[in-house]
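Accompanying notes for the structure given below.
Number of protein chains: 2
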Amino acid sequence: MGRVSDAREKLMSAILELIWSGSYGNTTIDQICERAGVKKGSFYYFFESKADLAAAAFDANWQIRRAELDAIFSPTVPPLERLQKYCDFNYRFQNEIKSRFGMVLGCPLFALGAEVCTHEDLLRKKIQEILEYKRKYLESAIRDAHACGLINAPDPACSARMILAYYEGILTQARIHNSVEGLRESAAGIFIMLGVKQNSAVIA
Amino acid sequence: MGRVSDAREKLMSAILELIWSGSYGNTTIDQICERAGVKKGSFYYFFESKADLAAAAFDANWQIRRAELDAIFSPTVPPLERLQKYCDFNYRFQNEIKSRFGMVLGCPLFALGAEVCTHEDLLRKKIQEILEYKRKYLESAIRDAHACGLINAPDPACSARMILAYYEGILTQARIHNSVEGLRESAAGIFIMLGVKQNSAVIA
DNA sequence: AAAATAGTTGACCATTTGGTCGAATTGAGC
DNA sequence: GCTCAATTCGACCAAATGGTCAACTATTTT
Chain A
14 MGRVSDAREK LMSAILELIW SGSYGNTTID QICERAGVKK GSFYYFFESK ADLAAAAFDA
74 NWQIRRAELD AIFSPTVPPL ERLQKYCDFN YRFQNEIKSR FGMVLGCPLF ALGAEVCTHE
134 DLLRKKIQEI LEYKRKYLES AIRDAHACGL INAPDPACSA RMILAYYEGI LTQARIHNSV
194 EGLRESAAGI FIMLGVKQNS AVIA
Chain B
14 MGRVSDAREK LMSAILELIW SGSYGNTTID QICERAGVKK GSFYYFFESK ADLAAAAFDA
74 NWQIRRAELD AIFSPTVPPL ERLQKYCDFN YRFQNEIKSR FGMVLGCPLF ALGAEVCTHE
134 DLLRKKIQEI LEYKRKYLES AIRDAHACGL INAPDPACSA RMILAYYEGI LTQARIHNSV
194 EGLRESAAGI FIMLGVKQNS AVIA
């Protein structure tokens with residue numbers, strides 16, 4: 014009963030774009046409302062604060078990303094191929110972003126995390142949670158690759174943390190330098206870190 | 014002639030601390046002035062804007078860091094030992110930060126870069142410049158290690174970019190998770206990436 | 001069609017913020 | 001101890017910002 018609204022969704026995608034193409038601190042509630050085409054009163058009808066909206070937006074966005082990653086990291090795909098596909102996907106994605114926004118934007122999660130983690134506890138927790146999910150995709154691929162004898166990674170959780178740090182680092186570098194260049198051969202770096210045995214064919 | 018002032022320096026260290034322990038966007042000019050014990054009029058006497066001050070502050074800070082890094086990356090030190098020392102230094106440094114600020118703060122440069130690169134061109138350039146210096150330290154160590162036959166790195170510039178991405182990634186992870194844990198064995202990760210030959214003694 | 005519910009609106013307010021200015025103050029050099 | 005440049009100060013301003021609210025509107029349920 015009562016009327017229905019998509020203001021919630023519009024606000025979420027608005028803040029996502031604004032944070033991504035700019036920053037959290039530089040984004041005002043007025044800006045978010047304007048871009049969403051929603052009045053401030055409605056903003057506060059749906060959300061308590063900017064942090065609250067941001068957390069909801071990243072959460073919703075993650076649900077979409079999750080489906081993509083589930084496909085890429087499907088256990089039916091050979092483990093090293095999963096990593097390769099993941100890198101390819103991100104490379105394509107960042108190129109898409111660049112043509113849409115005119116800039117390479119890297120990983121919104123990591124950039125936001127670095128920005129707000131010291132003074133926005135709700136967001137920090139949300140970001141940690143999603144990064145942990147990301148790490149798990151890597152971990153299982155690494156564990157499977159180890160089990161296949163493709164690599165030597167006795168501690169997959171630890172290797173996954175390393176790879177994640179490396180990959181997020183590359184994405185952030187791409188953002189800072191506004192260049193997708195470093196992402197093109199990113200899988201090679203991962204394979205080096207994992208000590209992929211030379212003769213193992215990555216692409217099945 | 015005329016009086017002398019240390020307001021400039023006080024403002025620079027104030028903004029540095031505030032950005033570091035918080036963020037750029039979250040830091041106001043009033044806050045900076047208050048922490049520096051300097052009135053706003055004086056702020057605008059010395060600097061044009063927050064971005065201007067931040068650039069000056071990071072520049073000045075870099076001059077100090079540079080001396081430390083020159084010592085660590087001295088060509089008289091065996092190349093892999095330089096990397097080891099670099100990691101050790103940062104580990105100690107982040108621990109110090111943690112006891113002083115109560116939080117692990119990672120690399121202020123990278124965090125700031127991720128935050129402002131899309132909308133503060135002056136800062137972006139300054140950050141790119143300093144990151145490029147950092148990369149060069151790594152590059153020369155890697156080139157020397159390659160020349161000694163300790164590793165196989167035919168493209169030291171490229172390897173250095175990888176290592177830098179990885180290391181900044183680790184530092185940012187440390188910030189986001191408020192934990193120095195991932196930094197403790199960070200040199201090991203670097204050595205893996207460089208494919209350090211097993212039998213080469215790292216510590217001379 | 002009435003009632004209840006869900007959402008919208010725009011006016012409004014208190015604070016915060018970035019930024020300016022002229023007058024006052026201080027110290028260095030003569 | 002005078003002079004003058006360098007610096008400080010605090011008052012001030014306009015705009016931006018976060019946040020509230022009561023009235024209004026649209027939709028669903030009964």
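Line order of the protein sequences matches chains A and B. Each residue of the first sequence is one higher than the one before, counting from 14 in this note's numbering. Each residue of the second sequence is one higher than the one before, counting from 14 in this note's numbering. Cβ coordinates follow ideal geometry from the N, Cα and C atoms, glycine included. All values reported here derive from a predicted model rather than from experimental measurement.
Residue from the options whose Cα sits closest to the Cα of residue i
i, options, result
"C120 of chain B", "A:M25, A:A200, A:R156, A:G126", "A:G126"
"A12 of chain B", "B:E198, B:I42, B:Q97", "With chain B covering 14 to 217 only, the question about residue 12 of chain B has no answer from this structure."
"R170 of chain A", "A:T131, A:Y150, A:V17, A:A84", "The residue you asked about is not Arg; residue 170 of chain A is Ala in the sequence shown. Of the listed residues, the one whose Cα sits closest to A170 of chain A is A:Y150."
"M25 of chain B", "B:G162, B:S34, B:A73, B:H132", "B:A73"
"P4 of chain B", "B:A173, B:M206, B:G162, B:Q186", "The first residue shown for chain B is 14 and the last is 217, placing residue 4 of chain B beyond what the model contains."
"M175 of chain B", "A:Y146, A:P167, A:L196", "A:L196"
"A187 of chain A", "A:E142, A:N108, A:K139", "A:N108"
"A201 of chain B", "A:S172, A:F204, A:E181", "A:S172"
"L82 of chain A", "A:F102, A:A70, A:F71", "A:F102"
"L136 of chain A", "B:H190, B:W75, B:Y104", "B:H190"
"R105 of chain A", "A:K23, A:R21, A:I203, A:L184", "A:L184"
"K111 of chain A", "A:V193, A:M14, A:R21, A:S199", "A:V193"
"M116 of chain A", "A:R21, A:A20, A:G35, A:V17", "A:G35"
"E30 of chain A", "A:R21, A:V17, A:I45", "A:I45"
"D19 of chain A", "A:D43, A:Y37, A:K52", "A:K52"
"I155 of chain B", "B:K138, B:I205, B:G182", "B:I205"
"Y37 of chain B", "B:L66, B:R79, B:F56", "B:L66"
"S153 of chain B", "B:P88, B:F60, B:V17", "B:P88"
"A80 of chain B", "B:T131, B:G182, B:K147", "B:K147"
"K210 of chain B", "B:I164, B:T131, B:Y58, B:E198", "B:I164"
"S62 of chain B", "B:G182, B:L118, B:R21, B:A160", "B:R21"
DSSP state of residue i mapped onto helix, strand, coil
i, result
"F106 of chain B", "helix"
"M175 of chain A", "helix"
"T185 of chain B", "helix"
"N191 of chain B", "coil"
"G38 of chain A", "coil"
"R48 of chain A", "helix"
"R197 of chain B", "helix"
"R25 of chain A", "The amino acid at residue 25 of chain A is misidentified as Arg; the sequence shows Met. Here M25 of chain A sits in helix by DSSP."
"K210 of chain B", "coil"
"R79 of chain A", "helix"
"C100 of chain A", "helix"
"F86 of chain B", "coil"
"R16 of chain B", "coil"
"S62 of chain A", "coil"
"G115 of chain A", "coil"
"P91 of chain A", "coil"
"V215 of chain A", "Confidence at V215 of chain A is low in this model, with a pLDDT of 49, below 50, so its placement is unreliable and no value can be given for it."
"F204 of chain B", "helix"
"A73 of chain B", "helix"
Where the alpha helix (DSSP H) containing residue i begins and where it ends
i, result
"K139 of chain A", "134 to 160"
"D168 of chain A", "Neither: D168 of chain A is in no alpha helix (DSSP H) and is coded neither H nor E."
"F123 of chain B", "121 to 129"
"G54 of chain A", "53 to 59"
CB of residue i within 8 Å of CB of residue j, strictly
i, j, result
"I28 of chain B", "T41 of chain B", "no"
"L207 of chain A", "A166 of chain A", "yes"
"Q142 of chain A", "A124 of chain B", "For clarity, residue 142 of chain A is Glu in the given sequence; the question names Gln instead. For E142 of chain A and A124 of chain B, no; Cβs fall outside 8 Å."
"G50 of chain B", "K23 of chain B", "yes"
"A70 of chain B", "E133 of chain B", "no"
"I203 of chain B", "C100 of chain B", "yes"
"L122 of chain B", "L93 of chain B", "no"
"R78 of chain A", "F86 of chain A", "no"
"G182 of chain B", "G182 of chain A", "yes"
Select from the segment 155 to 180 of chain B all residues with a C-beta closer than 7 Å to any C-beta belonging to chain A, and list them in chain order. R174, M175, A178, Y179
Residues in the segment 117 to 150 of chain B having any Cβ partner in chain A nearer than 8 Å: L118, G119, F123, A124, G126, A127, E128, V129, C130, T131, H132, R137, I140, Q141, L144
Got a sec: which bits of the segment 39 to 65 of chain A sit with their beta carbon under 9 Å from any beta carbon on chain B, in order along the chain? N39, T40
Could you please tell me which residues of the segment 184 to 198 of chain B, in chain order, have their CB closer than 8 Å to any CB of chain A? T185, Q186, R188, I189, H190, N191, G195
Can you give me, in chain order, the residues of the segment 20 to 33 of chain A that have a beta carbon less than 9 Å from any beta carbon in chain B? W33
Which residues of the segment 99 to 113 of chain A have a Cβ closer than 9 Å to any Cβ of chain B? Give them in chain order. none
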